[in-house]
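Q: Protein chains in written order, with UniProt numbering: chain A, 1 to 431; chain B, 1 to 431; chain C, 1 to 431.
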Amino acid sequence: MPARLVIWMADIHSKRVRESEKAREKDCVAQKGFQDVHVMIFIGFGFLMTFLQRYGFSSVGFNFLIAAFALQWATLMQGFVHGMHGGKIHVGIESMINADFCTGSVLISFGAVLGKTSPVQLLVMSVIEVTLFAVNEFIVLTVLGAKDAGGSMTIHTFGAYFGLMVARVLYRPNLDKSKHKNCSVYHSDLFAMIGTIYLWMFWPSFNSAVTAHGDDQHRTAMNTYYSLAACTLATYGLSAVVAHDGKLDMVHIQNAALAGGVAVGTAGEMMLTPFGSMIVGFLAGTISVLGFKFLSPILEQKLKIQDTCGVHNLHGMPGVLGAIVGAVTAALATKDVYGDGMADVFPDIQSGDVEASFQGIRQAISLAVTLGIALLGGLITGFILKLPIYGAPPDTICFEDGIYWELPGEEGSHEELTTVRTPDEAEKLNA
Amino acid sequence: MPARLVIWMADIHSKRVRESEKAREKDCVAQKGFQDVHVMIFIGFGFLMTFLQRYGFSSVGFNFLIAAFALQWATLMQGFVHGMHGGKIHVGIESMINADFCTGSVLISFGAVLGKTSPVQLLVMSVIEVTLFAVNEFIVLTVLGAKDAGGSMTIHTFGAYFGLMVARVLYRPNLDKSKHKNCSVYHSDLFAMIGTIYLWMFWPSFNSAVTAHGDDQHRTAMNTYYSLAACTLATYGLSAVVAHDGKLDMVHIQNAALAGGVAVGTAGEMMLTPFGSMIVGFLAGTISVLGFKFLSPILEQKLKIQDTCGVHNLHGMPGVLGAIVGAVTAALATKDVYGDGMADVFPDIQSGDVEASFQGIRQAISLAVTLGIALLGGLITGFILKLPIYGAPPDTICFEDGIYWELPGEEGSHEELTTVRTPDEAEKLNA
Amino acid sequence: MPARLVIWMADIHSKRVRESEKAREKDCVAQKGFQDVHVMIFIGFGFLMTFLQRYGFSSVGFNFLIAAFALQWATLMQGFVHGMHGGKIHVGIESMINADFCTGSVLISFGAVLGKTSPVQLLVMSVIEVTLFAVNEFIVLTVLGAKDAGGSMTIHTFGAYFGLMVARVLYRPNLDKSKHKNCSVYHSDLFAMIGTIYLWMFWPSFNSAVTAHGDDQHRTAMNTYYSLAACTLATYGLSAVVAHDGKLDMVHIQNAALAGGVAVGTAGEMMLTPFGSMIVGFLAGTISVLGFKFLSPILEQKLKIQDTCGVHNLHGMPGVLGAIVGAVTAALATKDVYGDGMADVFPDIQSGDVEASFQGIRQAISLAVTLGIALLGGLITGFILKLPIYGAPPDTICFEDGIYWELPGEEGSHEELTTVRTPDEAEKLNA
């Protein structure tokens with residue numbers, strides 16, 4: 001009997017050690033994941049949008065403003081919808097990661113309306129979008145029981161189609177008056193590459209930040225890594241092919257090279273295999289480059305959607321692709337392949353509650369629900385933002401920092417360089 | 001008896017596991033903390049100061065030089081003053097974090113004299129300031145027993161008022177001869193935003209880098225996070241309000257948005273609560289923006305303090321605010337609220353050595369001591385730096401890289417400036 | 001007997017805990033190491049090369065392309081040569097770090113031919129260099145049993161001399177036709193500093209990423225940290241000394257300040273001591289600055305090696321220095337000094353298989369082998385790249401993005417600003 005007691009005590013000891021250890025290890029890994037996602041939100045998204053020649057202050061500055069606001073609002077909204085414990089919202093690393101995810105979605109929508117909205121409009125959009133994001137996330141992950149760790153559906157598809165719908169409602173027929181500013185200059189493209197590279201490097205952390213620790217998390221990170229690598233090669237190759245003289249286009253490199261991360265957002269934690277991930281990444285890069293080249297002009301001319309950053313090509317189509325890949329991979333899941341990992345990835349299949357094929361159907365329904373809420377939400381939000389009370393810029397002064405920022409002198413102008421500006425140009429700018 | 005032996009052995013086993021585990025876990029977390037602080041020192045401070053149009057090389061280059069020097073000197077000085085073990089200085093992650101903190105203080109002072117000092121002057125200033133920092137830190141933390149994990153007093157208040165006093169002594173009545181260079185250009189402001197965003201993102205790590213691991217560290221990080229978020233919103237709002245036509249000012253965004261991190265440097269690890277942190281952050285952003293708008297011109301004209309980066313607004317006032325918030329929060333500490341955490345935050349109150357109210361007094365005295373040493377030290381240092389032997393720049397060539405750096409040609413000058421390109425050149429290029 | 005059983009069980013418990021814990025802790029640290037190295041490869045190398053005024057797109061863009069490709073190819077090649085387990089290649093954090101190391105070597109070679117090669121040439125070079133890297137690594141680390149955790153030999157020496165030999169074979173006698181573009185402009189130098197600072201900050205992680213966890217890893221990181229700090233001071237001092245009027249040269253700061261990390265790549269994990277590391281760092285900075293000032297022009301004129309980034313000064317000579325320091329330090333290893341750590345650093349000396357002096361000889365032979373494979377491999381690769389089928393740029397359009405990228409309009413050209421500068425103003429600036 002004393003021996004039994006001893007065994008029991010030894011057991012308790014080790015167990016406690018293991019548990020506290022697990023908690024702390026989880027913590028350490030989670031902190032790293034949070035930090036990486038945080039860098040993606042503030043540096044990645046912020047600088048990715050600095051490509052416009054005269055909208056760098058607004059890109060990085062409004063990104064900063066929206067993110068700082070949305071983080072707090074998302075903590076509240078996600079807490080209300082699915083994080084209440086005895087009437088209190090628990091905050092911690094996991095809630096901070098989820099708030100970053102929600103913020104990412106808002107920043108994707110920001111990309112669609114970049115240069116054409118006032119900060120007040122953006123804040124109003126954030127209020128509505130964060131709320132709907134939390135509702136959609138609750139329906140998809142909790143009610144429908146779908147899996148979407150990296151957010152192909154809940155973050156990318158939702159953010160993209162929400163933003164595209166807002167852009168549709170806010171359509172500006174005379175936007176070509178600001179056309180000469182809706183493009184990059186040499187150094188603005190280099191600033192944007194800072195954003196691209198940070199997003200690319202930390203995407204494996206993004207997709208795996210809230211997966212189960214251990215094997216599951218590693219698999220997600222590796223799948224994302226291989227998908228991105230293949231996507232990048234596809235992007236460079238195709239960018240040279242579709243150009244008229246074999247030259248590379250910075251727009252493709254900055255954006256399409258990231259589509260591989262979007263497209264494994266759902267299936268990344270599943271048994272996609274490295275080779276499968278590379279195929280998905282290759283496909284994502286391909287549709288993204290083709291989208292920029294052929295689809296974006298059509299969207300603008302036929303559907304009247306002025307998508308400044310091309311979020312349809314980076315987040316929209318690759319997000320839908322990712323949702324479909326996720327549904328198919330889920331439907332094909334077997335206990336032979338997943339082994340003990342099944343409990344982490346598909347607890348409902350493990351417990352025998354659902355068949356794998358039904359999990360696939362759940363995933364497909366979740367995509368439809370996400371699209372529905374995003375499009376409807378964007379439509380309503382668009383009409384709310386159309387009210388003439390937010391100080392939106394006129395068609396002639398879009399893509400221009402000067403309307404919302406005190407601008408410094410021109411490059412080198414104080415350095416005894418004279419800035420010759422025609423009077424009516426200057427007038428417009430200071431208007 | 002064998003069973004007791006077994007219990008004892010099992011206990012030993014688990015204990016060792018726990019201890020080594022704790023050491024390693026501490027290590028892992030501490031490494032992350034160190035890395036984040038390191039990025040803040042080199043990228044954050046370095047690029048934050050690149051906002052000047054012709055002083056980018058010096059900002060990031062001298063920042064690099066001073067930091068590389070001060071790190072080593074601080075390791076020695078902090079070792080001499082409070083890190084000796086049997087006649088040897090122990091180095092490790094904790095000493096590296098502390099050296100980074102000390103370096104941060106020197107870089108804050110650098111901000112006050114930016115553009116008006118030679119590298120030799122900066123190195124001499126570092127030698128003195130690092131030494132006084134170590135002495136002040138020893139008095140505040142060890143002799144007086146105050147708490148200041150994030151350095152509202154020891155780092156920010158000390159660095160700011162030291163630098164302001166140096167700037168006062170080095171007052172240049174004819175600085176307006178270089179006035180046209182004491183401002184930003186478009187791209188230099190974007191480089192500065194890289195510094196701002198990195199400082200903002202990693203500030204929670206800064207404030208929590210040397211707190212007790214576990215709950216204490218989490219609380220500190222969360223308090224800092226919420227303070228920064230609220231501060232950012234306050235900064236944007238107030239920046240638009242104080243401007244003459246509702247436009248945002250980059251100077252405010254780059255600096256005041258960070259004041260929330262400074263202001264919870266002392267109280268961050270205390271039971272400030274998320275809501276309390278947000279109030280502090282809101283206040284910090286407010287006084288910082290108002291400082292830039294109304295106080296800085298007065299400081300320059302009446303007190304003859306030419307504060308290039310406005311460190312009084314970002315580090316000085318928010319640092320003092322943080323010290324006061326810390327003193328009040330400490331004085332209000334009760335065992336009911338802190339529970340077991342009291343041992344981590346206020347070991348002297350836990351052990352019954354002091355009352356909470358007395359801890360508050362200690363904190364207040366520490367602020368006074370810090371201000372005293374900083375101002376006196378800055379005064380003496382200023383006079384030492386005034387000796388005409390360091391190659392300081394003349395009033396006409398301040399804020400100018402050209403005096404210390406071999407400068408490359410102008411933007412595009414080699415590219416046949418103003419882009420005059422002969423037709424066949426252009427043809428070749430497009431071939 | 002029950003008690004024995006209990007002991008045994010308690011032992012098993014703790015053992016499992018310890019093992020799983022060790023694995024996880026290793027994991028957590030390894031992940032941090034991987035992330036840091038990853039940032040160095042994509043941001044560090046990518047932006048370090050953006051110093052050229054009209055080659056920023058290619059520098060960061062081709063760096064991205066080559067790295068994304070080489071990572072995958074290196075995983076395969078390193079797997080084939082020394083990572084097969086039962087016919088399968090195991091992938092994981094360690095293989096990802098090793099692939100990053102191999103990629104680093106390719107990017108060093110890229111630095112030697114920067115601006116003079118087409119993307120196709122670079123991809124062909126990557127295919128060959130990655131393969132030879134894996135072979136050389138296998139010979140040096142496994143066959144010869146040398147130690148080279150930070151890759152002074154296998155990464156830096158190999159990459160530099162491989163690239164220099166390629167540059168020699170691809171010698172362009174008429175390159176001075178593009179001479180006016182082979183230099184920096186103000187903002188391109190600031191972009192390059194982003195690369196420099198990131199490389200500098202994370203180099204301790206680079207050198208210690210694959211060392212044994214615990215003491216060994218800490219020692220490596222600390223040695224690298226002190227070497228870099230001393231190297232930076234040496235670089236600033238010497239840069240001012242060798243300049244004609246005491247001005248600092250950005251080329252030295254951007255490159256030579258990093259030589260201290262290269263030079264402790266082999267000896268960093270050995271008992272080099274902080275003071276020893278600082279001497280090595282000081283030497284590395286010195287030879288690197290002197291190399292840029294005096295040796296590079298000779299290499300170009302006499303040996304016909306056009307080394308665009310000066311990789312001979314940053315990676316070549318410091319790499320050889322690091323190999324020699326490693327050989328000497330290894331030869332001097334005694335059990336008195338290393339204690340239990342001997343098993344981690346020199347397992348063969350610990351087990352009595354070899355004498356310390358013989359380990360030194362192994363290290364020296366490894367340097368010779370590395371140089372041989374690099375030079376021969378570079379020679380062959382150079383001739384393969386000389387085939388006129390890769391679309392290499394003509395001599396007149398080297399260092400020019402326009403040949404491979406669709407370029408945006410000029411800075412400010414859309415803003416219709418004209419830059420007029422009076423002659424005496426320009427004079428003042430260049431004074």
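Idealized CB from N, CA, C, for every residue including glycine.
Should the stretch 146-160 of chain B be called in touch with the stretch 122-138 of chain B, which here means at least 3 C-beta pairs below 8 Å?
A: With a cut-off of 8 Å, the stretch 122-138 of chain B and the stretch 146-160 of chain B count as touching, because enough Cβ pairs lie within range.
Q: Give, in chain order, every residue of the stretch 265-296 of chain A whose Cβ lies closer than 9 Å to some Cβ of chain C.
A: The residues in question are P274 and M278.
Q: Using 8 Å as the Cβ pair cut-off and three pairs as the minimum, do the stretch 217-232 of chain A and the stretch 248-266 of chain A touch?
A: A contact exists between the stretch 217-232 of chain A and the stretch 248-266 of chain A.
Q: Between which two residues does the alpha helix (DSSP H) containing E94/A stretch?
A: Residue numbering aside, residue 94/A sits at position 94 when the first sequence is read from its first letter. Looking at the DSSP string, the run of the alpha helix (DSSP H) that includes E94/A is I93 to V113.
Q: May I ask you to report which of helix, strand or coil DSSP gives A426/C?
A: Numbered from 1 along the third sequence, position 426 holds the residue referred to as residue 426/C. Note that A426/C has pLDDT 40, beneath the 50 cutoff, so the model's placement of it is unreliable and the number below is only indicative. Three-state result, A426/C: helix.
Q: Hey, V120/A and G391/A: beta-carbon distance below 9 Å or not?
A: Working through the first sequence from its first residue, we reach residue 120/A at position 120. Working through the first sequence from its first residue, we reach residue 391/A at position 391. Yes, the Cβ-Cβ distance between V120/A and G391/A is below 9 Å.
Q: Name the chain F residues whose beta carbon is nearer than 7 Å to that of Y236/B?
A: Within the model displayed, chain F is absent; protein chains A, B and C are what it includes.
Q: Identify which residue in A30/A, Q53/A and A68/A has its Cα closest to the Cα of I43/A.
A: Taking the first sequence and counting its residues from 1, the one referred to as residue 43/A is at position 43. The residue with the shortest Cα to Cα distance from I43/A is A68/A.
Q: Where does the unbroken alpha helix (DSSP H) through G285/A begin, and where does it stop?
A: Reading the first sequence from its first residue, position 285 is the one you call residue 285/A. P274 to L290 is the extent of the alpha helix (DSSP H) around G285/A.
Q: Might you give, ordered along the chain, the residues of its own chain that have their beta carbon closer than 8 Å to the beta carbon of G246/A, omitting 5 neighbours on each side?
A: Indexing the first sequence from 1 puts residue 246/A at position 246. Result list for G246/A: A240, in chain order.
Q: Can you check whether the CB of M222/C is closer than 9 Å to the CB of S277/C?
A: Looking up residue 277/C in the third sequence gives position 277. Looking up residue 222/C in the third sequence gives position 222. Cβ atoms of S277/C and M222/C: closer than 9 Å.
Q: Against chain B, with Cβ distances strictly below 9 Å, would M77/A count as a contact?
A: Along the first sequence, read from residue 1 onward, the residue named residue 77/A stands at position 77. It does not: the Cβ of M77/A has no partner Cβ on chain B nearer than 9 Å.
Q: Closer than 7 Å, Cβ to Cβ, to anything on chain B: give me those residues from the stretch 175-191 of chain C, in chain order.
A: Within the stretch 175-191 of chain C, the residues whose Cβ lies closer than 7 Å to some Cβ of chain B are H180, K181, C183, S184, V185, Y186, H187, D189 and L190, listed in chain order.
Q: Kindly provide the ranges of any alpha helix (DSSP H) runs that are 4 or more residues long and lie completely inside the stretch 43-93 of chain B, ordered along the chain.
A: Segments of the alpha helix (DSSP H) lying fully in the stretch 43-93 of chain B: 56-82.
Q: Would a check of beta-carbon distances place A68/A closer than 9 Å to chain B?
A: As a first step, residue 68/A is located in the first sequence; it is residue number 68 there, counting from the start. At least one chain B Cβ lies under 9 Å of A68/A.
Q: What number of angstroms, rounded off, separates the C-alpha of I361/B from the C-alpha of A330/B?
A: In the second sequence, counting from the first residue as 1, residue 361/B sits at position 361. In the second sequence, counting from the first residue as 1, residue 330/B sits at position 330. When rounded, the distance between both Cα atoms is 9 Å.
Q: Using a C-beta cutoff of 9 Å, does F202/A count as contacting chain C?
A: Start at 1 with the first residue of the first sequence, and residue 202/A comes out as number 202. Taking Cβ atoms only, chain C reaches closer than 9 Å to F202/A, which makes this a yes.
Q: In chain A, which residues lie with their C-beta within 9 Å of the C-beta of L71/C?
A: Against the third sequence, residue 71/C aligns to sequence position 71. The contacting residues are Y225 and A229.
Q: Alpha carbons only, please: which of V37/B, A30/B and F51/B is nearest the one belonging to L407/A?
A: Working through the first sequence from its first residue, we reach residue 407/A at position 407. Closest by alpha carbon: F51/B.
Q: Determine the extent of the alpha helix (DSSP H) in which G378/B is found, giving its start and end residues.
A: For this step, residue 378/B is matched to residue 378 along the second sequence. First-last of the alpha helix (DSSP H) with G378/B: A356 to K386.
Q: What's the gap between the Cα of residue 443/A and the Cα of V106/A?
A: Look at the range of chain A in this structure, 1 to 431, and you will see that residue 443/A is not part of it.
Q: Residues in the same chain with beta-carbon distance under 6 Å from D344/A, minus the five sequence neighbours each way, listed in chain order, please.
A: Against the first sequence, residue 344/A aligns to sequence position 344. Closer than 6 Å at the Cβ level, and outside the excluded window around D344/A, lie A212 and D216.
Q: Relative to the C-alpha of L248/C, which residue among L272/C, V289/C, M270/C and E269/C is closest?
A: Looking up residue 248/C in the third sequence gives position 248. The option with the nearest alpha carbon to L248/C is V289/C.
Q: Can you name the residues that DSSP bridges to W405/C?
A: Position 405 of the third sequence, counted from the first residue, corresponds to residue 405/C. For W405/C, which the question treats as bridged, DSSP gives the partners L248/A.
Q: What is the DSSP secondary structure of V185/B, reduced to helix, strand or coil?
A: As a first step, residue 185/B must be located in the second sequence, where it is residue number 185. DSSP places V185/B in strand when its eight states are reduced to three.
Q: List the residues of chain A that A167/B touches, going by C-beta distances under 9 Å, in chain order.
A: Position 167 of the second sequence, counted from the start, is the residue given in the question as residue 167/B. The premise fails here: A167/B is roughly 22 Å from chain A at the closest Cβ pair, so nothing lies under 9 Å.
Q: With 16 as the cutoff for other CB atoms within 10 Å, does I298/A come out buried or exposed?
A: Numbered from 1 along the first sequence, position 298 holds the residue referred to as residue 298/A. It is exposed - the Cβ of I298/A has fewer than 16 other Cβ atoms within 10 Å.
Q: Looking only at its chain, what residues have a beta carbon closer than 8 Å to the beta carbon of A97/A, apart from the 5 residues adjacent to it on each side?
A: If you number the first sequence from 1, residue 97/A lands on position 97. Reading off the sequence, residue 97/A comes out as Ile, not Ala. Correct list, in chain order: A30, G33, F34, V37, A209 and V210.
Q: Would you please state the rounded distance, in angstroms, between the beta carbons of Y161/C and G261/C? I believe it to be under 8 Å.
A: To locate residue 161/C, count along the third sequence from 1; it is residue 161. To locate residue 261/C, count along the third sequence from 1; it is residue 261. Not quite, the Cβ-Cβ distance comes to about 18 Å (not below 8 Å), so this is no contact.
Q: Report the neighbours of M40/A on chain C: residues whose CB is nearer than 7 Å to its CB, in chain order.
A: Here the question's residue 40/A lines up with position 40 in the first sequence. The contacting residues do not exist; M40/A stays about 13 Å from chain C at best.
Q: Measure the Cβ-Cβ separation of F110/C and F62/C and say whether it is below 9 Å.
A: In the third sequence, counting from the first residue as 1, residue 110/C sits at position 110. In the third sequence, counting from the first residue as 1, residue 62/C sits at position 62. Closer than 9 Å, so yes.
Q: Spell out whether any CB of chain B is found under 9 Å from the CB atom of M222/C.
A: For the purposes of this step, residue 222/C is taken as residue 222 along the third sequence, with counting starting at 1. Taking Cβ atoms only, chain B reaches closer than 9 Å to M222/C, which makes this a yes.
Q: For K15/B, count the other beta carbons within 10 Å of its own beta carbon; 16 or more makes it buried, fewer makes it exposed. Which is it?
A: The residue labelled residue 15/B in the question sits at position 15 within the second sequence. With a pLDDT of 42 at K15/B, under the threshold of 50, the modelled position of that residue is not reliable, and the figure given next carries that caveat. With fewer than 16 other Cβ atoms within 10 Å, it is exposed.
Q: Just by C-beta distance, which residues in the stretch 232-258 of chain C are closer than 7 Å to chain B?
A: Listed in sequence order: T232, L233, Y236, A243, K247, L248, D249, M250 and I253.
Q: Consult DSSP for G310/C and reduce its assignment to one of helix, strand or coil.
A: Residue 310/C sits at position 310 when you count from the first residue of the third sequence. Reduced to three states, the DSSP call for G310/C is coil.
Q: Once the 5 residues before and after E300/B are set aside, which same chain residues still bring their CB inside 8 Å of it?
A: As a working note, residue 300/B is residue 300 in the second sequence. If we look at E300/B and ignore the five residues flanking it on each side, its Cβ neighbours are Q306 and D307.
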